[in-house]
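Chemist: In our numbering, the protein residues as written are 807 to 1373. Ideal Cβ positions, reconstructed from N, Cα and C, are used throughout, including at glycine. Let me begin by handing over the structure; questions about it come next.
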């Protein structure tokens, strides 16, 4: 069938099973938006900023495991989208971002709203394309979805000149993709796995170090089985929260800069670190030469460039994590291991010695209490998104995560302004469920994409935004207090809008909370009303995120909370 390039885009999205698209129109992409007007295959959400479009597509992808889709225009439309691309690239989130471009005859002449989008996106995408011929368009979109969702996932950018979207050609959508230079290694090396299993059998203090790849490969259930079958304790990175389930007796918390004492001590004491889809990020390892320094290392990852990039493993295994862990489970049936119960008990002792805690108050709301209370009130019903800062770490520490994809946060890039649009994408993914999308944010981060409240109201996307409002750029303030002799340079946010009036002006519902009783009432009312909501929680101003591993220190050199108990 012959059709325009613009219609080819729509038909390709239909062929890929896309049901939700986020975007913002403009001149160079107008032909595609004309076809969006005519189609009924997918729902388009009009964001109020291109950064939010891409991040919302991220939120949708993180919650569903599907490839998220965003469409933007050329020039500033695309440059606005770059932060979302970079965020998805750092966290390996599958996206296809389609941008308009000036006509091919104008490229290179500094035309109106022209920018070298492919050049800009090259460092922050898994792959990118500039479409030069309409005949290539169906193949390119097919390849984009394939590349985004296979191997180590990531964002793919497709830049389409306006004249290509207006031309007419035969639409033939490929059934298969043939990319000779792109063949991700899915199946592991059997000899290497056999060596790794022998190392597990001979170890005395093995530890599962679970990274975001466990979420991306959908193998949370298998990892829980492996831990249980071999009685091996486990820790999670920020990106892996929910894989083990916080009630699991073999789970000892998040490790890293703001990790639990027991988790960090587990990494310090282990004699065999089993890395499952983790990349040894600096926020996890602390001082790299001291990270798991007593241990041999098994590193399993689908991305060969992640292996030995920072830490040289003794047993490198390239392959799909789910397939590899399934094989480990099978091999475990015939594996005779040492008794790891004393090791597990040691970690339980560490947790009892130094539990994750805060000093509560009856006169002011502590931010940790607010996070913990959301967990008590909503538990498994809520899928939690966050912005970036202290509130993000408190959410990771104190929310009781039960399952994979219950947690949506910006890890590698640390993007302030991520929370609201991401929670919007999550809410779209949860539409046919009884679950609730909650964005835990700060009074600094929320203002960076505040315009998306209008989008939430227009499409009745019931995101509940909980602002832990301390009138500070809290994490920067904490560092300035600890490491810069309390020189608080440009971190005071005392001049803030009235968030209740602000959300009401957008058409949502607002609550200001000063007491625990008001907090409970606001959460329950917001859930019941199922409308875009903002709960402005006035919290203690000078709380620090603890434990904390200072820069340049090993994981066992934590700054811990001193004095007081949990209540």
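In terms of residues, what are the limits of the alpha helix (DSSP H) holding residue 1075?
Modeler: Counting from one through the chain shown, the residue named residue 1075 turns up at place 269. Note, residue 1075: alpha helix (DSSP H), 1067-1075.
Chemist: What does DSSP give as the partner residues of residue 909 in its beta bridges?
Modeler: Sequence index remark: in the chain shown, residue 909 carries index 103 (1-based). Paired residue(s): none; residue 909 is not in a bridge.
Chemist: Can you tell me which residues form a DSSP beta bridge with residue 975?
Modeler: Translated into positions along the chain shown, residue 975 becomes position 169. Answer is 809, bridged to residue 975.
Chemist: Starting from the C-beta of residue 959, find all residues in its chain whose C-beta is less than 6 Å away, skip the five residues before and the five after it, and write them out in chain order.
Modeler: The residue you call residue 959 lines up with position 153 of the chain shown. Cβ within range, chain order: 898, 900, 1022.
Chemist: With 16 other CB atoms within 10 Å as the buried threshold, where does residue 1187 fall?
Modeler: For the purposes of this step, residue 1187 is taken as the residue at position 381 of the chain shown. Classification of residue 1187: exposed, given that the 10 Å Cβ count is below 16.
Chemist: Which value, in whole angstroms, describes the spacing of the CA atoms of residue 1212 and residue 913?
Modeler: For the purposes of this step, residue 1212 is identified with residue 406 of the chain shown, where counting begins at 1. For the purposes of this step, residue 913 is identified with residue 107 of the chain shown, where counting begins at 1. The straight-line gap from Cα to Cα measures roughly 44 Å.
Chemist: Secondary structure at residue 1038, three-state DSSP: helix, strand or coil?
Modeler: Indexing the chain shown from 1 puts residue 1038 at position 232. Reduced to three states, the DSSP call for residue 1038 is coil.
Chemist: Using 8 Å as the threshold, is the C-beta distance between residue 1328 and residue 1344 below it?
Modeler: Looking up residue 1328 in the chain shown gives position 522. Looking up residue 1344 in the chain shown gives position 538. It is not a contact, given that the beta carbons lie outside the stated cut-off.
Chemist: Taking the beta strand (DSSP E) that residue 1117 falls in, what are its first and last residues?
Modeler: Position 311 of the chain shown, counted from the first residue, corresponds to residue 1117. Segment: none, residue 1117 is in no beta strand (DSSP E) and carries neither H nor E.
Chemist: What is the DSSP secondary structure of residue 1372, counted as helix, strand or coil?
Modeler: Here residue 1372 refers to the residue found at position 566 of the chain shown. No answer about residue 1372 holds up, because its pLDDT of 40 lies below 50 and its placement is not dependable.
Chemist: Is the separation between the beta-carbon of residue 1236 and that of residue 1243 shorter than 8 Å?
Modeler: Locating residue 1236 in the chain shown gives position 430, counting from the first residue. Locating residue 1243 in the chain shown gives position 437, counting from the first residue. In this structure, residue 1243 lies closer than 8 Å to residue 1236 by Cβ.
Chemist: Among 1232, 1170, 849, 1109, which has the Cα closest to the Cα of residue 1349?
Modeler: Position 543 of the chain shown, counted from the first residue, corresponds to residue 1349. Nearest C-alpha to residue 1349: 1170.
Chemist: Since residue 979 contacts residue 821 with CB under 8 Å, what's their CB separation in whole angstroms?
Modeler: Against the chain shown, residue 979 aligns to sequence position 173. Against the chain shown, residue 821 aligns to sequence position 15. About 5 Å; that satisfies the 8 Å criterion.
Chemist: Kindly indicate the opening and closing residues of the beta strand (DSSP E) around residue 1012.
Modeler: By one-based count along the chain shown, residue 1012 stands at place 206. Where residue 1012 is concerned, the enclosing beta strand (DSSP E) stretches over 1012-1016.
Chemist: What does residue 1027 pair with, by DSSP beta-bridge criteria?
Modeler: Counting from 1 along the chain shown, the entry for residue 1027 is found at position 221. For residue 1027, which the question treats as bridged, DSSP gives no partner whatsoever.
Chemist: By DSSP's criteria, residue 1213 is part of a beta bridge. Which residues make up the other side?
Modeler: As a position in the chain shown, residue 1213 is number 407, starting the count at 1. Bridge partners of residue 1213: 1190.
Chemist: Does the Cβ-Cβ distance between residue 1083 and residue 1127 come in under 8 Å?
Modeler: As a first step, residue 1083 must be located in the chain shown, where it is residue number 277. As a first step, residue 1127 must be located in the chain shown, where it is residue number 321. Closer than 8 Å, so yes.
Chemist: Can we say the segment 987-999 touches the segment 964-971, given the rule of at least three CB pairs closer than 8 Å?
Modeler: These segments do not touch.
Chemist: Can you find the residues in the same chain that come closer than 7 Å, C-beta to C-beta, to residue 930, ignoring five residues on each side of it along the sequence?
Modeler: Counted from its first residue, the chain shown places residue 930 at position 124. Contacts found: 888, 891, 892, 895.
Chemist: Excluding the 5 residues preceding and the 5 following residue 1370 in the sequence, name in chain order all residues of the same chain whose CB lies nearer than 7 Å to its CB.
Modeler: As a first step, residue 1370 is located in the chain shown; it is residue number 564 there, counting from the start. Only weak support exists for where residue 1370 lies, its pLDDT of 47 falling under 50; the coordinates are left without a value.
Chemist: Looking only at its own chain, which residues have a Cβ that is under 6 Å from the Cβ of residue 876, when we skip the five neighbours before and after it?
Modeler: Looking up residue 876 in the chain shown gives position 70. So the qualifying residues of the chain are 828, 829, 859, 860, 863, 903.
Chemist: Return the CA-CA distance between residue 1005 and residue 1120, expressed in angstroms with no decimal places.
Modeler: Start at 1 with the first residue of the chain shown, and residue 1005 comes out as number 199. Start at 1 with the first residue of the chain shown, and residue 1120 comes out as number 314. Each residue's Cα considered, the two are about 10 Å apart.
Chemist: Spatial neighbours of residue 1267 within its chain, please: CB distance less than 6 Å, with the 5 preceding and 5 following residues excluded, ordered by chain position.
Modeler: Residue mapping note: residue 1267 aligns to position 461 of the chain shown, counting from 1. The answer, listed in chain order, is 1230, 1233.
Chemist: Looking at the secondary structure, which residues open and close the alpha helix (DSSP H) in which residue 1287 lies?
Modeler: The residue you call residue 1287 lines up with position 481 of the chain shown. Note, residue 1287: alpha helix (DSSP H), 1280-1289.
Chemist: Which of the three DSSP states, helix, strand or coil, is assigned to residue 923?
Modeler: For this step, residue 923 is matched to residue 117 along the chain shown. Helix, per DSSP.
Chemist: Thinking residue 1249 and residue 1271 are a contact (beta carbons under 8 Å), I'd like their distance in whole angstroms, please.
Modeler: Within the chain shown, numbered from 1, the residue matching residue 1249 stands at position 443. Within the chain shown, numbered from 1, the residue matching residue 1271 stands at position 465. Contact flag wrong, Cβ pair sits at about 11 Å.
Chemist: Over the uninterrupted alpha helix (DSSP H) stretch that includes residue 944, give me the two end residues.
Modeler: By one-based count along the chain shown, residue 944 stands at place 138. That run of the alpha helix (DSSP H) goes 943-955.
Chemist: With a cut-off of 8 Å on the beta carbons, I'd call residue 869 and residue 1189 a contact; round off their distance for me.
Modeler: Position 63 of the chain shown, counted from the start, is the residue given in the question as residue 869. Position 383 of the chain shown, counted from the start, is the residue given in the question as residue 1189. Rounded, the Cβ-Cβ distance is 6 Å, consistent with contact.
Chemist: Who are the near neighbours of residue 1074 in its chain, counting only those whose CB is closer than 6 Å to its CB and skipping five residues on each side?
Modeler: The count along the chain shown starts at 1 and reaches residue 1074 at position 268. Around residue 1074: 1361, 1362.
Chemist: Note down the Cα distance separating residue 1079 from residue 1088, rounded to an integer number of angstroms.
Modeler: The residue given as residue 1079 occupies position 273 in the chain shown. The residue given as residue 1088 occupies position 282 in the chain shown. In a straight line, the C-alpha of residue 1079 is about 16 Å away from that of residue 1088.
Chemist: Consult DSSP for residue 843 and reduce its assignment to one of helix, strand or coil.
Modeler: Numbered from its first residue, the chain shown carries residue 843 at position 37. Residue 843: helix per DSSP, three-state reduction.
Chemist: Thinking residue 1106 and residue 1123 are a contact (beta carbons under 8 Å), I'd like their distance in whole angstroms, please.
Modeler: Stepping through the chain shown from its first residue, residue 1106 is reached at position 300. Stepping through the chain shown from its first residue, residue 1123 is reached at position 317. Going by Cβ atoms, the distance from residue 1106 to residue 1123 rounds to 5 Å, so yes, they are a contact pair.
Chemist: So, at 8 Å on beta carbons, what are the nonlocal neighbours of residue 1367 in its own chain, with the 5 sequence-adjacent residues on each side left out?
Modeler: Along the chain shown, read from residue 1 onward, the residue named residue 1367 stands at position 561. Excluding positions up to five away in sequence, the list reads 1163, 1164, 1165, 1352, 1353.
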